[in-house]
Amino acid sequence: MKCFKKTTVWLFAALSFAFMLAACDEAEEGYPDYDASKPIVCKSFYPTGGPIATKVILTGSNFGNKAEDVKVFFNQKEAPVIGVSGDHLLVLAPKLPGENVVIKVKIGNQEATFDGFFDYIIQTNVTTICGGDAAATTNPTGTISLSEAQFASQMNQCISVDSRKNIYFEIDTHDSKFYRYCANEEADQLKLIDELGIFLTVPVNVYDDVHDKVYHIQANIGNNEYWYYDPDNDWVQMNKGEIAWDNTEFAPGGMASWAARRTAAMCPADGKFYTRSYGGYLIRFDPETALGENLTQLCGGVGVGSTSGSTYGMVFDADDPNILYFSVDEMNCIFKLDLANFTCVRFCGGTSGFFDGPINQAQFSNPHQMCRDSEGNLYVADTGNHCVRKINLKTGYVSTIAGLPQQAGYVNGTGEVAKFNNPVGLAIDSEDVLYVGDSENHAIRRVAVE
773 MKCFKKTTVW
783 LFAALSFAFM
793 LAACDEAEEG
803 YPDYDASKPI
813 VCKSFYPTGG
823 PIATKVILTG
833 SNFGNKAEDV
843 KVFFNQKEAP
853 VIGVSGDHLL
863 VLAPKLPGEN
873 VVIKVKIGNQ
883 EATFDGFFDY
893 IIQTNVTTIC
903 GGDAAATTNP
913 TGTISLSEAQ
923 FASQMNQCIS
933 VDSRKNIYFE
943 IDTHDSKFYR
953 YCANEEADQL
963 KLIDELGIFL
973 TVPVNVYDDV
983 HDKVYHIQAN
993 IGNNEYWYYD
1003 PDNDWVQMNK
1013 GEIAWDNTEF
1023 APGGMASWAA
1033 RRTAAMCPAD
1043 GKFYTRSYGG
1053 YLIRFDPETA
1063 LGENLTQLCG
1073 GVGVGSTSGS
1083 TYGMVFDADD
1093 PNILYFSVDE
1103 MNCIFKLDLA
1113 NFTCVRFCGG
1123 TSGFFDGPIN
1133 QAQFSNPHQM
1143 CRDSEGNLYV
1153 ADTGNHCVRK
1163 INLKTGYVST
1173 IAGLPQQAGY
1183 VNGTGEVAKF
1193 NNPVGLAIDS
1203 EDVLYVGDSE
1213 NHAIRRVAVE
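Right under this line is the structure:
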């Protein structure tokens, strides 16, 4: 009997909820207008938690009958209003509203908030954009669909994403030639945009996020040509030039010089690219004037960060354009450089291993490319641990958002089950979707955190 009563109660609740959804989804006519002389009253909401796009019923009074007049916020993120019926609102939970989510209703000059917090559930999903067959024997040419694209070579270089969500990456054909591709999910297209016949060097693509341009530079200290690609003109090479250095004493010597520069970051304060070459030399150049500067001595001499190791990851702080974070693979850590006084300190990591936790305790293994989201958080391709890490600068905490730490593999799915194999490249688009150059899986992967 008790079981029957419980079942009846739950069925009634479910039917009531479905009825409210239907009421909100239907035409909004027949309900009283919003009365500006009366307060907005917020009573309760259901469900009390959920992921992105969860339908949430807001109960109260004086909501009116016009959805276009009502604004609902989950913290600072505006939620789509689906329907309004006087004392009920139907909204969709927005993407990543943050922690301790307070729901606020605003109509005209009035606003009111609900008691209690909405428990937002973060979901991470990993998919493959192109590639994934490590047994492929050829690399694509021309223009093909993403599902057709398989690669015979590793994705072991940095990648870039522009404002149009074009993903740029390179493949070593192992015959002194590199193919540079552009992939676009919306167009379902992979295009070979450049064939680079380069001997004893590696092409590097770097994103100028200030001017929305993807540049080509070279890893070899002795090769100083550069250009950017014009997506409106079939990716023709634009603004071609050669860097003129004020001081060329930044070569590590020997074979290390052939692949010394692996990435660069555009400084929003001065419009110049900064990079750290192997061995700890800090240099920068202006793509508009082609003038290059060796800043190593300003940092105290050779060994900026360390006297060994390559830097695949560089990103400027969202709030302070003088702060530059960079990874050093052989040191298993992230450094923090202050360009205001050219001081450099170890920021996090330093011991090879895996540990999520406070910045001063976190461990990485061979970290590579880095990027930053719209909230100012940093992300790291933790190559040796086969996962993607997040550094929350506000809380000072390092966490894993995708991949099983220290378990190589190739699995799509939620962040807790997905697997990577030596992820190297990492870039982020304007909607905070991450793209991973999954080296040993010969794939470009997509990581959506919602």
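In our numbering, each residue's number is its place in the sequence shown (first place is 1) plus 772. The beta carbon of each residue, even a glycine, is placed where N, CA and C say it ideally should be.
Item, Value
"Among PHE923, PHE886 and ASP1145, nearest to VAL933 - alpha-carbon criterion", "ASP1145"
"Through-space distance from GLU997 to ARG1217, alpha-carbon basis", "30 Å"
"Paired residues, beta bridge with ILE829 - DSSP", "TYR818 and LEU862"
"ASN995 and ASN1066 closer than 8 Å at C-beta", "no"
"Residue range of the beta strand (DSSP E) that includes TYR940", "939 to 944"
"Segments of 3+ residues assigned as beta strand (DSSP E) that fall wholly inside the region 859 to 923", "860 to 864, 875 to 879, 882 to 885 and 896 to 903"
"Whole-angstrom C-beta distance between GLY1051 and VAL1074, which should lie under 8 Å", "6 Å"
"Spatial neighbours of TRP999 in its chain, beta-carbon cut-off 8 Å, leaving aside the 5 residues before and after", "TYR987, HIS988, GLN1009, MET1010, ASN1011, LYS1012 and GLY1013"
"Nearest-angstrom Cα separation, counted from LYS810 out to ASN1184", "52 Å"
"Sub-8 Å separation of GLY1187 and GLY1197 beta-carbons", "no"
"Span of the beta strand (DSSP E) around PRO1139", "1139 to 1144"
"Segment contact flag, the region 1032 to 1047 with the region 970 to 986, C-beta cutoff 8 Å, min 3 pairs", "yes"
"Alpha-carbon spacing of ASP1201 relative to TYR1151, whole angstroms", "13 Å"
"Beta-carbon gap between HIS860 and THR831 smaller than 8 Å", "yes"
"Proximal residues to GLY1156 (C-beta, below 6 Å), its chain only, five neighbours per side dropped", "SER1137 and ASN1138"
"LEU1206 - DSSP class collapsed to helix/strand/coil", "strand"
"From TYR892, GLU1060, SER1049 and ASP1092, residue whose alpha carbon lies closest to that of GLY1077", "SER1049"
"Whole-angstrom distance between GLN895 and VAL813, CA atom to CA atom", "32 Å"
"GLY903 classed as buried or exposed, judged by whether at least 16 other C-beta atoms fall within 10 angstroms", "buried"
"Cβ neighbour criterion (16 or more within 10 Å) applied to TYR818", "exposed"
"Top-ranked residue by Cα proximity to PRO804, from GLU967, PHE1057, LYS838 and GLN1135", "LYS838"
"Segment contact flag, the region 943 to 951 with the region 907 to 924, C-beta cutoff 8 Å, min 3 pairs", "yes"
"Cβ neighbour criterion (16 or more within 10 Å) applied to PRO1130", "exposed"
"Given 8 Å, three or more beta-carbon pairs between the region 1023 to 1036 and the region 1082 to 1097", "yes"
"Residues bridged to ASN1066 [DSSP beta-bridge criterion]", "ILE1055"
"Beta-carbon proximity of LEU968 to PHE950, cut-off 8 Å", "yes"
"Nearest-angstrom Cα separation, counted from ALA884 out to GLY836", "14 Å"
"Start-to-end residues for the beta strand (DSSP E) that takes in ILE854", "853 to 856"
"N- and C-terminal bounds of the beta strand (DSSP E) containing VAL1152", "1150 to 1154"
"CYS1120 in three-state terms, based on DSSP", "strand"
"Where GLY730 falls: helix, strand or coil (DSSP)", "No statement about residue 730 is possible, as the shown extent of the chain runs from 773 to 1222 and does not include it."
"Residues that MET1010 bridges to, as DSSP identifies them", "TYR1000"
"Chain-order list of residues whose beta-carbon lies under 6 Å from that of PHE1057 (same chain, five-residue window excluded)", "ILE1015, PHE1045 and GLY1064"
"Identity of the residues DSSP links to MET1086 by a beta bridge", "PHE1098"
"Whole-angstrom distance between MET927 and MET1027, CA atom to CA atom", "22 Å"
"Bridge partners - TYR1046, DSSP secondary structure assignment", "ALA1037 and ARG1056"
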